[in-house]
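A.B. asks: Chains as they are written, first to last, in this note's numbering: chain R, 24 to 136; chain V, 3 to 117.
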Amino acid sequence: GENVEQHPSTLSVQEGDSAVIKCTYSDSASNYFPWYKQELGKRPQLIIDIRSNVGEKKDQRIAVTLNKTAKHFSLHITETQPEDSAVYFCAATPTGTASKLTFGTGTRLQVTL
Amino acid sequence: DSGVTQTPKHLITATGQRVTLRCSPRSGDLSVYWYQQSLDQGLQFLIQYYNGEERAKGNILERFSAQQFPDLHSELNLSSLELGDSALYFCASSVSVDSTYSPLHFGNGTRLTVT
């Protein structure tokens, strides 16, 4: 089955700096890669996703890049703000088999003033 | 608010006991997923139901079972509870059977503590 590794497990940046979280996956059939943000004590929320037919997707300060050859994808957050502090999870799955949505172990991002 | 309702929010019980967690999906969503989140682990997929039928199983223990009712709400039953079952249990729902086309919407979770 799919195995998703996520790094780093914790990340501390100063407000205004950029943050990058990286994930690798094992199943070459995976072609859907969502990112979820989970604030302390709250539910995971989808923040951005990318499919394998594109290499990059942006949404305001958030961007995700995908390298299918290397089987890795990354989340980039620019101009970080304190409200970006949360745990971020990457995930991967082949299309059509959503039950195999496999999550990474999470990255705790702390944005300091 | 995601529209996914989970009850109860917290549950404290003793080892060996049985509990039932309940989930009401967003209006119009036919798929319900259950995930377990332990302290040092990510989100572990347990089971998926679509329109009342079981669609897929993940790493769900034999002591655990679930069902989805005609009104589409779902229940996760955990029996012969062990200390290691203490975790946050999330329910998520989506419109279609394939959440790659309709994203998952998570509930606020049920925190289970087994003493």
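We put the beta carbon where it would ideally sit given N, CA and C, even for glycine.
All figures in this text were calculated on a predicted structure; none of them were measured in a lab.
Which of helix, strand or coil does DSSP assign to residue 136 of chain R?
C.D. replies: coil
A.B. asks: How would you list, in chain order, the residues of chain V whose beta-carbon sits under 9 Å from the beta-carbon of residue 48 of chain R?
C.D. replies: Chain V residues near residue 48 of chain R: none, gap ~13 Å exceeds 9 Å.
A.B. asks: So residue 49 of chain V is in the beta strand (DSSP E); what residue range does that whole segment cover?
C.D. replies: Annotation: the continuous beta strand (DSSP E) that includes residue 49 of chain V extends over 45 to 52.
A.B. asks: When the Cα of residue 99 of chain V is compared with those of V:51, V:69, V:41 and V:64, which residue comes out closest?
C.D. replies: V:51
A.B. asks: With a threshold of 8 Å between beta-carbons, can residue 124 of chain R be considered close to chain V, or not?
C.D. replies: With 8 Å as the cut-off, residue 124 of chain R counts as an interface residue toward chain V.
A.B. asks: Using the Cα positions of residue 78 of chain R and residue 42 of chain R, report the straight-line distance between them to the nearest angstrom.
C.D. replies: Roughly 19 Å separates the two Cα atoms.
A.B. asks: According to DSSP, residue 60 of chain R sits in a beta bridge with which residue or residues?
C.D. replies: R:68 and R:111
A.B. asks: Please state the DSSP three-state secondary structure of residue 87 of chain V.
C.D. replies: In the structure shown, residue 87 of chain V adopts helical secondary structure according to DSSP, grouped into three states.
A.B. asks: What span of residues does the beta strand (DSSP E) with residue 86 of chain R cover, start to end?
C.D. replies: Per DSSP, residue 86 of chain R is one residue of the beta strand (DSSP E) stretching across 85 to 90.
A.B. asks: Cβ closer than 9 Å: which chain R residues qualify as neighbours of residue 102 of chain V?
C.D. replies: 54, 55, 57, 72, 74, 116, 117, 118, 119, 120, 121 and 124
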